[in-house]
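The structure appears below as structure tokens.
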Amino acid sequence: MIPILDLKGQYESIKDEINEAIQGVLESGRFVLAPNVEALEKEVAGYCQRRYGVGVASGTDALRLSLHALDIGPGDEVITTPFTFIATANTISHTGAAPVFVDIDPRTYNIDPAKIEKAITERTKAILPVHLYGHPADMGPIMEIAKRYNLRVIEDCAQAIGAEYQGRRVGSFGDVGCFSFYPTKNLGAYGDGGMVVTNDPEIAERIDVLRRQGGRVKYHAEVLGFNSRLDELQAAILRVKLRHLDEWIEARQERAHRYSELLNNSAVTTPHEDGDVRHVYYLYTIRAPRRDELRDHLKQRGISTMVYYPLSLHRQKLYRDLGHAEVSLPQSERAERKVLSLPMYPELSEEQIETVVEVITTFYRGAG
Ligand SMILES: Cc1ncc(COP(=O)(O)O)c(C=O)c1O
């Protein structure tokens, strides 16, 4: 069996450090928004080259609270990608604003900046790019357009902590960078968690207030807030893992490059890496002819894979009902039929990689 991800293997490799961190929190008797959260906020902000970090309950909440903090609401439009996890768009919809989907670059699967300008209207308030699979979105032109049209930029960095575009970390370009610590992420907690990073002290403060029921002082609400706190246990775990993140990213890159080397000249298209980026390979995603048959074939041989994502957001019932049905976004629609994510984690062995590649090549040779 080759799983798509092996969280147990990772835990085994850092067990003593993790257990000690958990023990420390249990003995401290402080569980929510306490010293580990504060320390993690500083550490993650520093890692992402920003001044402030605000820990929240999930990546979804990082987006949701950011949108609120930037005053995005009813009547506004936010330009984003259709080829992402639903949270990217439904957090926009929850504010009362409308997501406007712009097609993707078929090589990186990220929003295509060349198509953004056409989608801008008088209602456009922000651009929300996603750094999908760990490959940074093309932030140069995105920031240039945002500046020219005076738009906010909210980076969805859920899949890409540590990724770099022209030497700068993702999350350090926009007004805010939003991170998820969902267990499967490259920096994953043992439960839910998220963080917003920013250089703007006012935005940081607004998010801090929003996450604690809208008040700076307990039981004194200033604005309509939420309960969205990061807990100490998760923060303590994440602080341990953050110390290993770069070595894990390097291990992912090595494994990704090995896959690509072995799959070169096969029937599948291996992931593209733009020049001057650090791709952190949250997922190793190929484009495969007869994708569903290949997936079954791999499954029968004990290799698990996933399709991220099988249905573009504008084609989901939710957004069809909201009138997005007529939009044609051919690159996203093509990608949803072809993409397949292979097993990828720092502990993946050379032998496992060779097995996966062997099963793929024999499938296309018709010898499977
Ligand atoms: C691109 C993207 N955005 C947002 C999220 C939401 O994060 P969370 O699951 O922590 O709420 C995720 C992941 O789950 C994601 O992959």
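Take the sequence shown: its position 174, counted from the start at 1, is 173 in numbering that gives the first Met the number 0, and no numbers get skipped. Even glycine gets a Cβ: it sits at the ideal position worked out from N, Cα and C.
query: Cβ neighbour criterion (16 or more within 10 Å) applied to Y10; result: exposed
query: CB of G193 within 8 Å of CB of F178, strictly; result: yes
query: T304 in three-state terms, based on DSSP; result: coil
query: F172 Cβ short of 7 Å to ligand 1 heavy atom set; result: no
query: Minimum length 4: unbroken alpha helix (DSSP H) runs contained in the segment 43-100; result: 58-68 and 85-93
query: Complete runs of the beta strand (DSSP E) confined to the segment 280-361 [at least 3 residues]; result: 283-286 and 338-341
query: Own chain, CB closer than 8 Å to I21, minus 5 neighbours either side, in chain order; result: L232, A235 and I236
query: Bounding residues of the alpha helix (DSSP H) (the contiguous stretch that carries E246); result: L244 to L262
query: Residue(s) in a DSSP beta bridge with S179; result: G193
query: Q48 to G166 span [Cα, whole Å]; result: 11 Å
query: Distance, S65 Cα to T87 Cα; result: 12 Å
query: Distance between beta carbons of Y318 and Y283, contact taken as under 8 Å; result: No, Y283 and Y318 are not in contact; Cβ-Cβ is about 28 Å, not under 8 Å.
query: Where L186 sits in the DSSP three-state scheme; result: coil
query: Distance CB(R242)-CB(Y280) smaller than 8 Å; result: no
query: I103, DSSP secondary structure in three states; result: strand
query: Touching by the beta-carbon criterion (3+ pairs, under 8 Å), the segment 17-32 and the segment 174-188; result: no
query: C-alpha gap between R368 and Q158, whole angstroms; result: Since the first residue of the chain shown is 0 and the last is 367, residue 368 is not available in this structure.
query: Cα-Cα separation, I115 to I78; result: 8 Å
query: Buried versus exposed, by CB contacts within 10 Å (16 or more), L223; result: exposed
query: Three-pair Cβ contact test at 8 Å for the segment 309-325 versus the segment 259-268; result: no
query: Whole-angstrom C-beta distance between I285 and L209, which should lie under 8 Å; result: The Cβ separation is near 40 Å, so there is no contact.
query: Check: Y283 C-beta below 7 Å from any heavy atom of ligand 1; result: no
query: C-beta contact flag for L310 and E292 at 8 Å; result: no
query: Between the CA atoms of P182 and V356 - distance to the nearest angstrom; result: 27 Å
query: Whole-angstrom C-beta distance between Q212 and A220, which should lie under 8 Å; result: 6 Å
query: Run of the beta strand (DSSP E) containing L131, from where it starts to where it stops; result: Element bounds for L131: n/a, residue is neither H nor E.
query: Where E226 sits in the DSSP three-state scheme; result: Note that residue 226 is Asn in the sequence shown, not Glu. N226: strand per DSSP, three-state reduction.
query: From G170, R122, Y344 and K217, residue whose alpha carbon lies closest to that of A255; result: Y344
query: DSSP state of D155 mapped onto helix, strand, coil; result: strand
query: beta-carbon L321 near ligand 1 non-hydrogen atom, thresh 7 Å; result: no
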